[in-house]
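Each protein sequence line maps, in turn, to chains E and S.
Counting in the working numbering, the first sequence runs from 1241 upward without gaps.
Counting in the working numbering, the second sequence runs from 25 upward without gaps.
Where is the CB? At the ideal position from N, CA and C, for every residue including glycine.
First up is the structure itself, then whatever we jot down about it.
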Amino acid sequence: MNALKDKLPPLGTLGPVIALLMACAFFATQSDRFLTGQNLSLVLQQVMVVGVIAIGQTLIILTAGIDLSCGMVMALGSVVMTKFATELGMPPALAVLCGIAVTTLFGLANGLLVTRIKLPPFIVTLGTLNIAFAITQLYSQSQTITDLPELMTGLGNTFTIGGTEVAWGVVAMLGLYLVAWFALRETARGRHVYAVGNSPEATRLTGIPTQRILLGVYVLAGFFYGIASLLSVARTGVGDPNAGQTENLDAITAVVLGGTSLFGGRGVILGSLVGALIVGVFRNGLTLMGVSSVYQILVTGILVILAVAADQLSHKASR
Amino acid sequence: MTASSNTAPLVLQAKGLVKRYGQVTALDGADFELRAGEILAVIGDNGAGKSSLIKALSGAVVPDEGEILLDGQPIHFRSPIDARRAGIETVYQDLAVAPAMTIAENLFLGRELRRPGFMGNVLRMLDKKEMLAQSVARMNDLKVGIRSMTQPVETLSGGQRQCVAVARAAAFAQHVVIMDEPTAALGVKEGNMVLELIRRVRDKGLPVVLISHNMPHVFEVADRIHVARLGKRAAVLNPKKISMSDTVAVMTGAMRAEDIPADCLA
């Protein structure tokens, strides 16, 4: 009996999956089109940007931090890479690398402010959120960047499995999730990320360089936002200075819905993928039902509060 | 059990340690001697220099003057990590474990074992099986009665958590285990469980430095008692000869060192 119990994943891990299945079941009853292969493939494409941002966000939340700047940094990255490729005429691959470098630098700046000056992540990233937004608007002059080279939108192309179209970007997202899952679960550095979020002082006393791990997490998150920039460009086919506004909160919602605790040190990265799918399914399902986008924003707002409340209650119960 | 004799070799020694914080002199030429196979209790009133002494020995502060010898060799710790590398492990009062992580993970935190070959060297994959097996062996060895090494530490009682912290220190310490108030936050039964474990650690051959305010606990397990007072070592007492009230008198200065009967010194 106990042996069986040890083998089954705890309810906390299954919760998000159950929520996802229930959401799917609900929308299937509301719209005939919801469960079609074409629609589900669309959901996945809509989810890939938020999904990749959520990887970086999960790393930060696992250390008991938070990154409010994620969506805006992603938008800046996509504007940089598309502008560099079109206006500066840079080779597309190099332009993409420059975009990723910019988002990674933002991660580094967040990380340095958090680890060196010991500022709360909430305030630091609220600041960089505005800085990234302003730079994005100034640099792009609020103009969408079009006529992109084929290489930049390649990840938006699709291939067909069993009659269903799958975007390469979705494959890339799943690959990144597998890598992050492996690193967090099976390597010492990954376990140290949990330890830092769990009990920074106890972790420091065991000789683990906690500040370096924190800094590394913010830098890595910035890198993931850069990948998300590329996916965003690939999906929409343009460099959009107004991208990232829904992704900002959606990524945090995805992580929390996926069961990662805002108090740090608890959670599974694959949960964030499920969380991102829940957010995606809600947006898609409500659209199919003909609900206006304002109500979708309302629903995501309620979702994030419910998820945080559940986290808070389970946290109290375990104390 | 191993009644320490004054002939047992010195493991950890400090001579004339001085530590000043601005106007305040926390250590004023403090000496310290820990012998092989003993539990040495360190007691002292607040401000007696007890915690500065322990911090110097565990690498948390660097003394201004004086020297520290480990197995007769001079050592200079600049951080607790240096002390750990030299084989001195410290158990802190309550910051010792990561609650959401499993017992096995806590035992190996910061010293994880990697798989051999490609999986370990290239993919950096942890050897969870081996760490689990060693955790079970270590805990059995110390007779810590915890059933599963894969349960999160937060599911344990306070005493069991402290046992995990002590077991971790004992498992990795080559020379000395320092315990800073390990029973302070625990109830009577839980405290006794930890005391029992401290004895077993000593019986395994590791000398233990035990900092405690709890006189009954000190008298229950200590082989010798180091009394810190006014930044110096006031005396080293034999708990089998001296009474608890006389010990407190030495600690507070009510009894002067030269008035202590010779057979009560250790």
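Using the Cα positions of residue i and residue j, report the straight-line distance between them to the nearest angstrom.
| i | j | result |
| --- | --- | --- |
| residue 1509 of chain E | residue 1345 of chain E | 23 Å |
| residue 1268 of chain E | residue 155 of chain S | 47 Å |
| residue 255 of chain S | residue 78 of chain S | 12 Å |
| residue 1284 of chain E | residue 1292 of chain E | 12 Å |
| residue 115 of chain S | residue 1446 of chain E | 10 Å |
| residue 1369 of chain E | residue 1350 of chain E | 10 Å |
| residue 1245 of chain E | residue 1464 of chain E | Model confidence at residue 1245 of chain E stands at a pLDDT of 46, short of 50, so the residue's coordinates are unreliable; what they give is reported in the following sentence. Rounded to whole angstroms, residue 1245 of chain E to residue 1464 of chain E spans 36 Å at the Cα level. |
| residue 86 of chain S | residue 1450 of chain E | 22 Å |
| residue 1341 of chain E | residue 157 of chain S | 44 Å |
| residue 1424 of chain E | residue 1275 of chain E | 33 Å |
| residue 1329 of chain E | residue 1319 of chain E | 14 Å |
| residue 44 of chain S | residue 54 of chain S | 12 Å |
| residue 1545 of chain E | residue 1498 of chain E | 13 Å |
| residue 288 of chain S | residue 243 of chain S | 13 Å |
| residue 1371 of chain E | residue 1378 of chain E | 11 Å |
| residue 60 of chain S | residue 160 of chain S | 27 Å |
| residue 1334 of chain E | residue 1385 of chain E | 17 Å |
| residue 1543 of chain E | residue 194 of chain S | 47 Å |
| residue 265 of chain S | residue 120 of chain S | 34 Å |
| residue 1521 of chain E | residue 1321 of chain E | 29 Å |
| residue 1278 of chain E | residue 1381 of chain E | 36 Å |
| residue 1402 of chain E | residue 191 of chain S | 56 Å |
| residue 1327 of chain E | residue 84 of chain S | 56 Å |
| residue 1458 of chain E | residue 88 of chain S | 38 Å |
| residue 1418 of chain E | residue 1517 of chain E | 16 Å |
| residue 1362 of chain E | residue 262 of chain S | 55 Å |
Should residue i and residue j be called a contact, given that it needs their Cβ atoms to be closer than 9 Å?
| i | j | result |
| --- | --- | --- |
| residue 312 of chain S | residue 251 of chain S | A question about residue 312 of chain S goes unanswered here, because the residues of chain S that appear run from 25 up to 290. |
| residue 131 of chain S | residue 162 of chain S | yes |
| residue 1552 of chain E | residue 1481 of chain E | no |
| residue 122 of chain S | residue 1554 of chain E | no |
| residue 139 of chain S | residue 150 of chain S | yes |
| residue 1366 of chain E | residue 1308 of chain E | yes |
| residue 273 of chain S | residue 279 of chain S | yes |
| residue 165 of chain S | residue 228 of chain S | yes |
| residue 1534 of chain E | residue 1490 of chain E | no |
| residue 1493 of chain E | residue 1547 of chain E | yes |
| residue 271 of chain S | residue 249 of chain S | yes |
| residue 198 of chain S | residue 111 of chain S | yes |
| residue 147 of chain S | residue 1422 of chain E | yes |
| residue 215 of chain S | residue 238 of chain S | yes |
| residue 1281 of chain E | residue 1528 of chain E | no |
| residue 90 of chain S | residue 169 of chain S | no |
| residue 127 of chain S | residue 97 of chain S | no |
| residue 1409 of chain E | residue 1315 of chain E | no |
| residue 76 of chain S | residue 107 of chain S | no |
| residue 1471 of chain E | residue 1306 of chain E | no |
By Cβ distance, which residues of its chain are closer than 8 Å to residue i, with the 5 residues on each side in sequence left out?
| i | result |
| --- | --- |
| residue 58 of chain S | 34, 35, 36, 37, 64, 200, 231, 233 |
| residue 15 of chain S | Nothing in the structure corresponds to residue 15 of chain S, since chain S is present only between 25 and 290. |
| residue 1453 of chain E | 1303, 1429, 1432, 1433, 1436 |
| residue 372 of chain S | No answer is possible for residue 372 of chain S: it lies beyond the span of chain S, which begins at 25 and ends at 290. |
| residue 1253 of chain E | 1499, 1508, 1511 |
| residue 1263 of chain E | 1518, 1521, 1522, 1525 |
If you drop the 5 nearest sequence neighbours on each side, which residues of the same chain put their C-beta closer than 6 Å to that of residue i?
| i | result |
| --- | --- |
| residue 27 of chain S | Note that residue 27 of chain S scores 46 on pLDDT, short of 50, meaning its location in the model is unreliable; the coordinates nonetheless yield the value given after this. Excluding sequence neighbours, residue 27 of chain S sits near nothing in its chain. |
| residue 1437 of chain E | 1302, 1303, 1304, 1504, 1505 |
| residue 1523 of chain E | 1536 |
| residue 1477 of chain E | 1393 |
| residue 1541 of chain E | none |
| residue 226 of chain S | 63, 232 |
| residue 1413 of chain E | 1288, 1291, 1292 |
Ordered along the chain, which non-local residues of its own chain (more than five positions away) have a Cβ less than 7 Å from that of residue i?
| i | result |
| --- | --- |
| residue 204 of chain S | 78, 114, 115, 116, 117, 235 |
| residue 1317 of chain E | 1339, 1340, 1342, 1343, 1465, 1466, 1469 |
| residue 1495 of chain E | 1294, 1297, 1298, 1301, 1512, 1515 |
| residue 1391 of chain E | 1332, 1333 |
| residue 1241 of chain E | For residue 1241 of chain E, the pLDDT reaches just 41, beneath the cut-off of 50, and the residue's location in the model is therefore unreliable, leaving the point undetermined. |
Would you list the residues sitting across from residue i in a DSSP beta bridge?
| i | result |
| --- | --- |
| residue 204 of chain S | S:235 |
| residue 52 of chain S | S:42 |
| residue 98 of chain S | S:93 |
| residue 65 of chain S | S:234, S:249 |
| residue 59 of chain S | S:34 |
| residue 259 of chain S | S:251 |
Checklist entry - Quick one, which residues of the region 1435–1469 of chain E are near chain S if we go by CB-CB under 8 Å, in chain order? => result 1435, 1438, 1439, 1441, 1442, 1443, 1445, 1446, 1447, 1448
Checklist entry - If you measure beta-carbon to beta-carbon, which residues of the region 1498–1512 of chain E are closer than 8 Å to chain S? => result 1505, 1506
Checklist entry - Which residues, in chain order, does the region 1414–1431 of chain E contribute to contact with chain S at a C-beta distance below 9 Å? => result 1422, 1423, 1425, 1426, 1427, 1428, 1429, 1430, 1431
Checklist entry - Which residues, in order along the region 111–125 of chain S, keep a beta-carbon less than 7 Å from a beta-carbon of chain E? => result 116, 119, 120, 121, 122, 123, 124, 125
Checklist entry - Which of the residues in the region 80–102 of chain S, read from start to end, lie with their CB under 9 Å from any CB of chain E? => result none
Item to check | Residues of the region 210–221 of chain S whose Cβ lies closer than 9 Å to any Cβ of chain E, in chain order | outcome: none
Next on the checklist: If the cut-off is 8 Å on Cβ atoms, which residues from the region 138–149 of chain S count as contacting chain E, listed in chain order?
Outcome noted: 138, 147, 148, 149
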